[in-house]
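Visitor: Take this structure first; my questions come after.
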Amino acid sequence: MTYAGARGETAAQMKRALRLTSADDAIHAEYKARLAEWNTGKKPYDMAIANRLYGEKTLSFRKEFVGLTDQAYGAKLVSSDFMGNSETERLGINQWVSEKTKNRINGLLPRGSLNFRTRLVLVNAIYFKGKWEREFDKKATRDEPFVAHGGSKNVPTMHALQDVGYVERDGVKVVELPYKGGELSMVIVLPDTKDGLDAIAGRLSRQTLTTWLGALAPMPVSLSIPRFKMSPAPILLNAQMSELGMVDAFDETKADFSGISDRAITAEGRFFLTFAVHKAFIEVNEEGTEAAAATVVGGPTSVPPPPKVFKADHPFLFVLRDRKSGAILFMGRVNDPASQG
Numbered sequence: 012m013t014y015a016g017a018r019g020e021t022a023a024q025m026k027r028a029l030r031l032t033s034a035d036d037a038i039h040a041e042y043k044a045r046l047a048e049w050n051t052g053k054k055p056y057d058m059a060i061a062n063r064l065y066g067e068k069t070l071s072f073r074k075e076f077v078g079l080t081d082q083a084y085g086a087k088l089v090s091s092d093f094m095g096n097s098e099t100e101r102l103g104i105n106q107w108v109s110e111k112t113k114n115r116i117n118g119l120l121p122r123g124s125l126n127f128r129t130r131l132v133l134v135n136a137i138y139f140k141g142k143w144e145r146e147f148d149k150k151a152t153r154d155e156p157f158v159a160h161g162g163s164k165n166v167p168t169m170h171a172l173q174d175v176g177y178v179e180r181d182g183v184k185v186v187e188l189p190y191k192g193g194e195l196s197m198v199i200v201l202p203d204t205k206d207g208l209d210a211i212a213g214r215l216s217r218q219t220l221t222t223w224l225g226a227l228a229p230m231p232v233s234l235s236i237p238r239f240k241m242s243p244a245p246i247l248l249n250a251q252m253s254e255l256g257m258v259d260a261f262d263e264t265k266a267d268f269s270g271i272s273d274r275a276i277t278a279e280g281r282f283f284l285t286f287a288v289h290k291a292f293i294e295v296n297e298e299g300t301e302a303a304a305a306t307v308v309g310g311p312t313s314v315p316p317p318p319k320v321f322k323a324d325h326p327f328l329f330v331l332r333d334r335k336s337g338a339i340l341f342m343g344r345v346n347d348p349a350s351q352g
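Its first residue numbered 12, the sequence shown is counted upward by one per residue in our numbering.
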């Protein structure tokens, strides 16, 4: 949505950083299609993606920008009094995010993050709750050791023998657990070595993930996966976005967001991004996931091969994805299932 209002070199940097390769009209049309598909109520899972713009009431915004963000992203523009009462507006934005994520994301914007200079806040919230295609039996869950950075500790670990997509290659074991309906799945990437997560995460790329997913084959797998819940503190993304090449957007002397308002560049100053903040929540248990994601044929005398063993007893990566479009909805790393940070 922010890119839709960028112009010049600011827009060029954002497009490269966000890896947007299509024409602008096609980009916004694709997001509109994906949002419409995910937000439909006729799904075996619960998903809601909501967007909203909060704009300073004394400022006029370009009709093209307001119309595009509304039509493509469902982001209504809410008139806000940042100049007169930014703290009340901050609390209102946090309340809206909390409601849209069913109280899983609270306190997104910390005190002092908005002030009288704030002109526009763009907010995106996503909520997902889905059950596994084949749920884990709670009776099979038991405490088992997990080797975390701080040492070994016992954590509740789920167990099941299931036919799932599985592959071993490149120093990792990869398993894909589908949710009911088969449209979404959680992919878990487990390093072969107990301390191998940093190295795997360091070389993770879209191409690497695509290669692993393409190599998955259905087979019997003995699964041992810890229950986990994560709700880390909000993450400020300014440094990461700048490292990706999105520099001008955060520079008060260079930023060009003239597509948002004809007053985005004035003698008094420019529109520029002061911060980009992200907060997430995810919980994985026997029933499925909440986040703020084969048949063996043999003759009568044949002996089936022993199942593969996927024992996630040390740090691993997870990816919650849309199998149809390939879109990644959530991605993270579990260093310690006993910690909610």
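Quick reminder that beta carbons are idealized off the backbone N, C-alpha and C, glycines included.
#1: Fully enclosed by the segment 80–130, which beta strand (DSSP E) runs are 3 residues long or longer?
#2: Which residue comes first and which comes last in the alpha helix (DSSP H) that contains I211?
#3: If you draw a straight line from the alpha carbon of D262 to that of P167, how long is it in whole angstroms?
#4: Taking N346 as the reference, give the member of P202, D36, V185, F127 with the closest Cα.
#5: Tell me where the beta strand (DSSP E) around R344 begins and ends.
#6: Kindly list the residues whose CB is nearer than 7 Å to the CB of V258, restricted to its own chain and excluding five residues on each side of it in sequence; keep chain order.
#7: Using three-state DSSP, classify T168 as helix, strand or coil.
#8: Secondary structure at L195, three-state DSSP: helix, strand or coil?
#9: Go ahead and label I211 buried or exposed: buried means 16 or more other beta carbons lie within 10 angstroms of its beta carbon, across all protein chains shown.
#10: Could you tell me the alpha carbon to alpha carbon distance between A28 and F139, rounded to whole angstroms?
#11: I'd like the list of long-range same chain contacts for E354, defined as Cβ closer than 6 Å, with 5 residues on each side in sequence excluded.
#12: Within a Cβ cutoff of 7 Å, which residues of the same chain sit near N127, ignoring the five residues on either side of it in sequence?
#13: Could you have a look at A23 and say whether DSSP puts it in helix, strand or coil?
#14: With a 10 Å radius around its C-beta and 16 neighbouring C-beta atoms as the bar for buried, classify L33 as buried or exposed.
#15: Could you tell me whether the Cβ atoms of F157 and P237 are closer together than 8 Å?
#16: Can you name the start and end residues of the beta strand (DSSP E) that E48 belongs to?
#17: In this structure, how does DSSP classify Y357 when only helix, strand and coil are distinguished?
#18: Could you work out which residue in A47, E48, I104, T51 is closest to G66 when comparing CA atoms only?
#19: Using only the alpha-carbon positions, how far apart do G123 and M12 sit?
#20: Select from I276, K290, N296, A47 the residue whose C-alpha is nearest the C-alpha of K240.
#21: Cβ of F321 within 8 Å of Cβ of L234?
#22: How would you call Q173, buried or exposed, if buried means at least 16 neighbouring beta carbons within 10 angstroms?
#23: Buried or exposed for A244, please, with buried defined as at least 16 other CB atoms from any protein chain shown within 10 angstroms of its CB.
#24: Please report the distance separating the alpha-carbon of T112 from that of S242.
#25: In angstroms, rounded to a whole number, what distance separates the CA positions of P311 and P317?
#26: Can you give the beta carbon distance from E144 to G176, rounded, assuming they're within the 8 Å contact cut?
#27: So what's M252 in DSSP terms, helix, strand or just coil?
#28: Can you give the beta carbon distance from A15 to H39, rounded, assuming they're within the 8 Å contact cut?
#29: If we ignore side chains and look at the alpha-carbon of each, how far apart do P348 and T264 end up?
#30: The beta strand (DSSP E) with R332 in it runs from where to where?
#31: K184 to E294, Cα distance in whole Å?
#32: I'd like to know whether the C-beta of N249 is nearer than 8 Å to at least one C-beta of chain D.
#33: When you compare only the Cα positions, how much space is there between L284 and V134?
#34: Could you check what DSSP says for A15 in three-state terms: helix, strand or coil?
#35: For T80 and K87, I'd like the C-alpha separation in whole angstroms.
#36: Between the Cα of S163 and those of H325, M230, D273, spot the shortest distance and give me the residue it belongs to.
Guide: Once the coordinates are examined:
#1: 87–91
#2: Within the sequence shown, the letter at position 200 stands for residue 211. Counting along the chain, the alpha helix (DSSP H) containing I211 begins and ends at 208–213.
#3: Within the sequence shown, numbered from 1, the residue matching residue 262 stands at position 251. Within the sequence shown, numbered from 1, the residue matching residue 167 stands at position 156. Roughly 47 Å separates the two Cα atoms.
#4: On the sequence shown, position 335 is the one that residue 346 refers to. Of P202, D36, V185, F127, the residue nearest in Cα terms is P202.
#5: Along the sequence shown, one-based indexing puts residue 344 at 333. Where R344 is concerned, the enclosing beta strand (DSSP E) stretches over 339–345.
#6: The count along the sequence shown starts at 1 and reaches residue 258 at position 247. Once the five neighbours on either side are set aside, the close Cβ partners of V258 are Q24.
#7: Stepping through the sequence shown from its first residue, residue 168 is reached at position 157. Looking at T168 - three-state DSSP - the assignment turns out to be strand.
#8: Residue numbering aside, residue 195 sits at position 184 when the sequence shown is read from its first letter. Residue state, collapsed to three classes: strand.
#9: Along the sequence shown, one-based indexing puts residue 211 at 200. Within a 10 Å sphere around the beta-carbon of I211 sit 16 or more other beta-carbons, which makes this residue buried.
#10: The sequence position of residue 28 within the sequence shown is 17, counting from 1. The sequence position of residue 139 within the sequence shown is 128, counting from 1. Taking the straight line joining both Cα atoms gives about 26 Å.
#11: Outside the displayed span of the chain (12 to 352) sits residue 354, for which this structure offers no information.
#12: Within the sequence shown, the letter at position 116 stands for residue 127. Inspection of the sequence shows that residue 127 is occupied by Phe rather than by Asn. The answer, listed in chain order, is F93, M94, S97.
#13: By 1-based counting over the sequence shown, the position of residue 23 is 12. Here A23 sits in helix by DSSP.
#14: Position 22 of the sequence shown, counted from the start, is the residue given in the question as residue 33. It is Ser, not Leu, that sits at residue 33 in the sequence shown. When all chains shown are included, S33 counts as exposed.
#15: Translated into the one-based positions of the sequence shown, residue 157 becomes position 146. Translated into the one-based positions of the sequence shown, residue 237 becomes position 226. Going by C-beta atoms, F157 is nearer than 8 Å to P237.
#16: By 1-based counting over the sequence shown, the position of residue 48 is 37. Run containing E48: none in the beta strand (DSSP E); it sits in the alpha helix (DSSP H), 35–49.
#17: Shown here, the chain extends from 12 to 352; a query on residue 357 therefore has no answer.
#18: Walking along the sequence shown from the start, residue 66 turns up at place 55. It is I104.
#19: To locate residue 123, count along the sequence shown from 1; it is residue 112. To locate residue 12, count along the sequence shown from 1; it is residue 1. Whole-angstrom Cα-Cα distance: 24 Å.
#20: Against the sequence shown, residue 240 aligns to sequence position 229. Measuring from the Cα of K240, the nearest candidate turns out to be N296.
#21: For the purposes of this step, residue 321 is taken as the residue at position 310 of the sequence shown. For the purposes of this step, residue 234 is taken as the residue at position 223 of the sequence shown. Closer than 8 Å, so yes.
#22: If you number the sequence shown from 1, residue 173 lands on position 162. In summary, Q173 is buried, with 16 or more beta-carbon neighbours lying within 10 Å of its beta-carbon over all protein chains present.
#23: Counting from one through the sequence shown, the residue named residue 244 turns up at place 233. Flag for A244 reads exposed.
#24: Walking along the sequence shown from the start, residue 112 turns up at place 101. Walking along the sequence shown from the start, residue 242 turns up at place 231. Cα to Cα, the separation comes out at about 13 Å.
#25: Locating residue 311 in the sequence shown gives position 300, counting from the first residue. Locating residue 317 in the sequence shown gives position 306, counting from the first residue. Confidence is the limiting factor: at P311 the pLDDT is only 36, short of 50, which leaves the residue's position unreliable, though a coordinate-based value still follows. Annotation: P311 to P317 spans about 17 Å, alpha carbon to alpha carbon.
#26: For this step, residue 144 is matched to residue 133 along the sequence shown. For this step, residue 176 is matched to residue 165 along the sequence shown. About 11 Å separates the two Cβ atoms, so there is no contact after all.
#27: Here residue 252 refers to the residue found at position 241 when the sequence shown is read from its first residue. Three-state DSSP puts M252 in a helix.
#28: Sequence index remark: in the sequence shown, residue 15 carries index 4 (1-based). Sequence index remark: in the sequence shown, residue 39 carries index 28 (1-based). So it is a contact: roughly 7 Å between Cβ atoms.
#29: Reading the sequence shown from its first residue, position 337 is the one you call residue 348. Reading the sequence shown from its first residue, position 253 is the one you call residue 264. Approximately 44 Å between the Cα atoms of the pair.
#30: Position 321 of the sequence shown, counting from 1, holds the residue named residue 332. Here the beta strand (DSSP E) through R332 covers 327–333.
#31: Taking the sequence shown and counting its residues from 1, one reaches residue 184 at position 173. Taking the sequence shown and counting its residues from 1, one reaches residue 294 at position 283. Each residue's alpha carbon lies about 22 Å from the other.
#32: Of the protein chains in this structure there is only one, and it is not chain D.
#33: Sequence index remark: in the sequence shown, residue 284 carries index 273 (1-based). Sequence index remark: in the sequence shown, residue 134 carries index 123 (1-based). Going from the Cα of L284 to the Cα of V134 covers about 13 Å.
#34: For the purposes of this step, residue 15 is taken as the residue at position 4 of the sequence shown. It is helical.
#35: Against the sequence shown, residue 80 aligns to sequence position 69. Against the sequence shown, residue 87 aligns to sequence position 76. Their backbone Cα atoms lie some 8 Å apart in a straight line.
#36: As a working mapping, residue 163 is identified with position 152 in the sequence shown. Answer by Cα proximity: H325.
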